[in-house]
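Undergrad: I have a structure here, written as structure tokens, and I will follow up with some questions on it.
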Amino acid sequence: MAEHKRHQGHRQRMRERVQNYGLDSLAEHEALEYVLYLTNAQKDTNGIAHDLIDRFGDFAAVLEASEEELCTVEGVGPATARMLHLLPQICRYYSRSRTSTTRCIKTTEQMGSYLMAKFAWSDYERAMLVSLDSRKRVRAAVWLREGTSDRVSLEIKSVVAAAIKGGTDTVVLCHNHPNGAAMPSMEDIEATGSIAQALGLVNIYLLDHFILTDTEYFSMRDANRLPIYDFRTGTLFWP
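All the letters of the sequence shown, read from the start, carry residue numbers 1 to 239 under the UniProt record's numbering.
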């Protein structure tokens, strides 16, 4: 009974650690032990995780092993082997869905997540235009331009052409600052105003302009720094 209580207490501490600090806070054998909880409701998975790491070398190699190979490790049954073997495929499926050009995006957080995945691992500045239909589904996500490690210039004509080609009346502009902060420069703000006005002249609404780094994003709309084009008066308003 004492051993059972110690085991349950360990699981609870692991769950709290992941909840508070994320899976990244765990060592490889701990992360594997945690994943193994999914198919081992009562069994102590710490020893199984260590044996798997010892057998295959690291966390990634465990997931890349065949189901037959996994089942050669004591404590690993068919259900656990199937689950571990499926994880890389699940991750690939999730990544593809996350950047799908038909994804429905209704919040700033969803758009930020979508764009962060698109710009992942970019070590130079790039710009993208996302066209949204009336149901906030992505109709097109077009790369506009690539720059250097610290600068990308947005040509108004190319932005407007991409927006018209997208076939919708609502677009989101985005570019990254790979070596800087997720904050718009004065040049970014001025360029956004010119773009918002040029888009407005062809009846396309600039919904937001995102600035990204490797770890965070900035929404000019949420920060009340996005210039708004008034279609009735043909006037650009600055917050």
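From the three backbone atoms N, C-alpha and C, an ideal C-beta is built for every residue, glycine too.
Please read all numbers here as calculations on a predicted model, not as lab measurements.
#1: With Thr80 and Leu36 assumed to form a contact (beta carbons below 8 Å), what rounded beta-carbon distance in angstroms separates them?
#2: When you compare only the Cα positions, how much space is there between Val152 and Glu125?
#3: At 4 residues or longer, and completely inside the region 4 to 86: list those alpha helix (DSSP H) runs for me, N to C.
#4: In the DSSP assignment, what residue or residues form a beta bridge with Asp208?
#5: Return the CA-CA distance between Asp24 and Ala31, expressed in angstroms with no decimal places.
#6: For Ser122, which residues from the same chain have a beta carbon less than 7 Å from its beta carbon, with the 5 sequence-adjacent residues on both sides left out?
#7: I need the straight-line Cα distance from Leu26 to Pro88, nearest angstrom please.
#8: In the DSSP assignment, what residue or residues form a beta bridge with Trp143?
#9: Going by the CB atoms, is the gap between Cys174 and Leu206 shorter than 8 Å?
#10: Grab me the residues of Lys136's own chain with a C-beta within less than 7 Å of its C-beta, minus the 5 sequence neighbours each way, in chain order.
#11: Where do the ends of the beta strand (DSSP E) carrying Ser219 lie?
#12: Looking only at its chain, what residues have a beta carbon closer than 7 Å to the beta carbon of Met220, apart from the 5 residues adjacent to it on each side?
#13: Could you check what DSSP says for Arg92 in three-state terms: helix, strand or coil?
#14: In angstroms with no decimal places, state the Cα-to-Cα distance between Asn224 and Val18.
#15: Am I right that Ser66 and His50 are in contact with their C-beta atoms under 8 Å? What's the rounded C-beta distance?
#16: What does Arg137 pair with, by DSSP beta-bridge criteria?
#17: In terms of DSSP beta bridges, what is Ile228 paired with?
#18: Drop a sphere of 10 angstroms on the beta-carbon of Val172, count the other beta-carbons inside from all chains shown, and report buried for 16 or more, exposed for fewer.
TA: So, from the data block:
#1: In the sequence shown, the residue the question calls residue 80 occupies position 80. In the sequence shown, the residue the question calls residue 36 occupies position 36. Indeed, because the Cβ distance is near 7 Å, the residues count as touching under 8 Å.
#2: Working through the sequence shown from its first residue, we reach residue 152 at position 152. Working through the sequence shown from its first residue, we reach residue 125 at position 125. Its pLDDT being 48, under 50, Val152 is placed unreliably in this model, and the coordinates cannot settle the point.
#3: For the region 4 to 86, the continuous alpha helix (DSSP H) assignments of 4+ residues that do not extend past its boundaries occur at 28 to 36, 46 to 56, 59 to 64, 67 to 70, in sequence order.
#4: In the sequence shown, counting from the first residue as 1, residue 208 sits at position 208. In DSSP, Asp208 forms a bridge with Val172.
#5: In the sequence shown, the residue the question calls residue 24 occupies position 24. In the sequence shown, the residue the question calls residue 31 occupies position 31. Distance between the alpha carbons of Asp24 and Ala31 is about 8 Å.
#6: Counting from 1 along the sequence shown, the entry for residue 122 is found at position 122. Correct list, in chain order: Asn176, Pro178.
#7: In the sequence shown, the residue the question calls residue 26 occupies position 26. In the sequence shown, the residue the question calls residue 88 occupies position 88. Going by the C-alpha atoms only, they are around 19 Å apart.
#8: Translated into positions along the sequence shown, residue 143 becomes position 143. Bridge partners of Trp143: Met128.
#9: Translated into the one-based positions of the sequence shown, residue 206 becomes position 206. Translated into the one-based positions of the sequence shown, residue 174 becomes position 174. Taking 8 Å as the Cβ cut-off, Leu206 and Cys174 do not qualify as a contacting pair.
#10: By one-based count along the sequence shown, residue 136 stands at place 136. Counting only Cβ-Cβ distances below 7 Å, and skipping sequence neighbours, we find Cys104, Ile105, Lys106.
#11: As a first step, residue 219 is located in the sequence shown; it is residue number 219 there, counting from the start. 217 to 219 is the span of the beta strand (DSSP E), which, as asked, contains Ser219.
#12: Position 220 of the sequence shown, counting from 1, holds the residue named residue 220. Closer than 7 Å at the Cβ level, and outside the excluded window around Met220, lie Pro184, Thr192, Asp208, His209, Leu226.
#13: Here residue 92 refers to the residue found at position 92 of the sequence shown. Note: Arg92 maps to helix in three-state DSSP.
#14: The residue given as residue 224 occupies position 224 in the sequence shown. The residue given as residue 18 occupies position 18 in the sequence shown. Straight across, the Cα-Cα distance linking Asn224 with Val18 is about 34 Å.
#15: The count along the sequence shown starts at 1 and reaches residue 66 at position 66. The count along the sequence shown starts at 1 and reaches residue 50 at position 50. Not confirmed; about 20 Å, so no contact.
#16: Residue numbering aside, residue 137 sits at position 137 when the sequence shown is read from its first letter. Cys104.
#17: Along the sequence shown, one-based indexing puts residue 228 at 228. BP columns for Ile228 point to Phe237.
#18: On the sequence shown, position 172 is the one that residue 172 refers to. Answer is buried; the Cβ neighbour count reaches 16.
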